[in-house]
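What follows is a short report on a single structure.
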Amino acid sequence: DTAVSQTPKYLVTQMGNDKSIKCEQNLGHDTMYWYKQDSKKFLKIMFSYNNKELIINETVPNRFSPKSPDKAHLNLHINSLELGDSAVYFCASSQAGRGGEQYFGPGTRLTVT
Amino acid sequence: DAKTTQPPSMDCAEGRAANLPCNHSTISGNEYVYWYRQIHSQGPQYIIHGLKNNETNEMASLIITEDRKSSTLILPHATLRDTAVYYCIVRVANRDDKIIFGKGTRLHILP
Numbered sequence: 106d107t108a109v110s111q112t113p114k115y116l117v118t119q120m121g122n123d124k125s126i127k128c129e130q131n132l133g134h135d136t137m138y139w140y141k142q143d144s145k146k147f148l149k150i151m152f153s154y155n156n157k158e159l160i161i162n163e164t165v166p167n168r169f170s171p172k173s174p175d176k177a178h179l180n181l182h183i184n185s186l187e188l189g190d191s192a193v194y195f196c197a198s199s200q201a202g203r204g205g206e207q208y209f210g211p212g213t214r215l216t217v218t
Numbered sequence: 003d004a005k006t007t008q009p010p011s012m013d014c015a016e017g018r019a020a021n022l023p024c025n026h027s028t029i030s031g032n033e034y035v036y037w038y039r040q041i042h043s044q045g046p047q048y049i050i051h052g053l054k055n056n057e058t059n060e061m062a063s064l065i066i067t068e069d070r071k072s073s074t075l076i077l078p079h080a081t082l083r084d085t086a087v088y089y090c091i092v093r094v095a096n097r098d099d100k101i102i103f104g105k106g107t108r109l110h111i112l113p
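Just so you know, the protein sequences line up as chains A and B, in that order. Just so we're aligned, residue 106 is where the first sequence starts under this note's numbering, counting upward by one. Just so we're aligned, residue 3 is where the second sequence starts under this note's numbering, counting upward by one.
Quick look at the structure:
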């Protein structure tokens, strides 16, 4: 009965590779987000989608491309991985009009070597 | 930048009430106070939010001062599992908007 799930939980890869992280929510929410938590533990928004449409796109390199096949899924594809991309990536979801609280997934720890 | 100020860390004895303060002197009339926490290696977890009245749920109580410039999150009977970083956030409710996380307060529950 997991509300927001992410796969994989851990991802170790080499510089220059392309990788994807998947997120799914079964809460019926219409908005999903990607946040990045760096080594200093700062949590920052990257993207958000509402009903499959991009509504927030912070200053993120073009190598990062979110894709939302439907409102229950928001995947994050990263091209040409760099050492600085190493971080924990969290997916979240929310429903407008219900108070604004966001529900977060367990995170994906990406390590680029 | 986050619009709140929190102490970087606090200790609380197990079984006692943990009172976490937050200053938000520039809060706007339509902004709510939200609290989240992040237990080590987990995703942030929503705790509670309020506008101006005190709020209580199964996890915590939220006390907001009358001028709304500060608030206190109360965990009534802290347990070791409450050890986490607690984030106080101000934002407009009922909107699908980003959360701007500050540094939060690292709460240590002592056995």
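Positions of the beta carbon are idealized from the N, C-alpha and C atoms, including for glycine. All values derive from a computational prediction rather than experimental measurement.
Q | Buried versus exposed, by CB contacts within 10 Å (16 or more), D190 of chain A | A | Residue burial is scored here from C-beta neighbours: D190 of chain A has at least 16 other C-beta atoms within 10 angstroms and is therefore classed as buried.
Q) Out of curiosity, what's the CA-to-CA distance linking K145 of chain A and Y88 of chain B? A) 16 angstroms
**Q.** Neighbouring residues, chain B, relative to P211 of chain A (Cβ below 8 angstroms)
**A.** Residues of chain B passing the Cβ test: Q44 and G45.
Q. Counting along the chain, where does the beta strand (DSSP E) carrying N122 of chain A start and finish?
A. In the DSSP assignment, N122 of chain A falls outside any beta strand (DSSP E), carrying neither H nor E.
Q. List, in order along the chain, the chain A residues whose C-beta lies closer than 9 angstroms to that of R93 of chain B?
A. G205
(Q) With distance defined between alpha-carbon atoms, name the residue in A:F152, A:T118 and A:I160 nearest to S170 of chain A. (A) A:F152
Q: Pull up the distance between the alpha-carbon of R39 of chain B and that of N122 of chain A, whole angstroms please.
A: Here the C-alpha atom of R39 of chain B lies approximately 33 angstroms from the C-alpha atom of N122 of chain A.
**Q.** CA-to-CA distance, K71 of chain B to W37 of chain B, given in whole angstroms
**A.** 15 angstroms
Q: Check the C-beta distance from I126 of chain A over to Y138 of chain A and give it rounded, since I have them as a contact under 8 angstroms.
A: No, I126 of chain A and Y138 of chain A are not in contact; Cβ-Cβ is about 13 angstroms, not under 8 angstroms.
Q: For H42 of chain B, count neighbouring Cβ atoms within 10 angstroms of its own Cβ and tell me buried if that reaches 16, exposed if not.
A: That one is exposed.
Q.
Which residues does DSSP list as the beta-bridge partners of K127 of chain A?
A. Under DSSP, K127 of chain A shares a beta bridge with A:T112.
Q. How is the beta strand (DSSP E) around A192 of chain A delimited, first residue to last?
A. A192 to S199
Q: Report the partner residues of G52 of chain B according to the DSSP bridge assignment.
A: B:V35
Q: Measure from the alpha carbon of P113 of chain B to the alpha carbon of each residue in B:A80, B:V35 and B:I101, then state which is nearest.
A: Selected option, being the one with the closest Cα: B:A80.
(Q) Please confirm whether L148 of chain A has its beta-carbon closer than 8 angstroms to some beta-carbon of chain B. (A) yes
Q. With burial defined as no fewer than 16 other Cβ atoms inside 10 Å of the residue's Cβ, what is the status of D13 of chain B: buried or exposed?
A. exposed
Q) Is G130 of chain A buried or exposed, if buried means 16 or more other CB atoms sit within 10 Å of its CB? A) What sits at residue 130 of chain A in the sequence shown is Gln, not Gly. Q130 of chain A is buried by the Cβ-count criterion.
Q. Do you know offhand how far G45 of chain B's Cα is from N184 of chain A's?
A. Between G45 of chain B and N184 of chain A, the C-alpha separation is close to 24 angstroms.
Q: Just the chain D side, please: which residues come within less than 8 angstroms of H110 of chain B by C-beta, in chain order?
A: Chain labels in this structure do not include chain D; the protein chains are A and B.
Q. How would you call R93 of chain B, buried or exposed, if buried means at least 16 neighbouring beta carbons within 10 angstroms?
A. It is buried - the Cβ of R93 of chain B has at least 16 other Cβ atoms within 10 Å.
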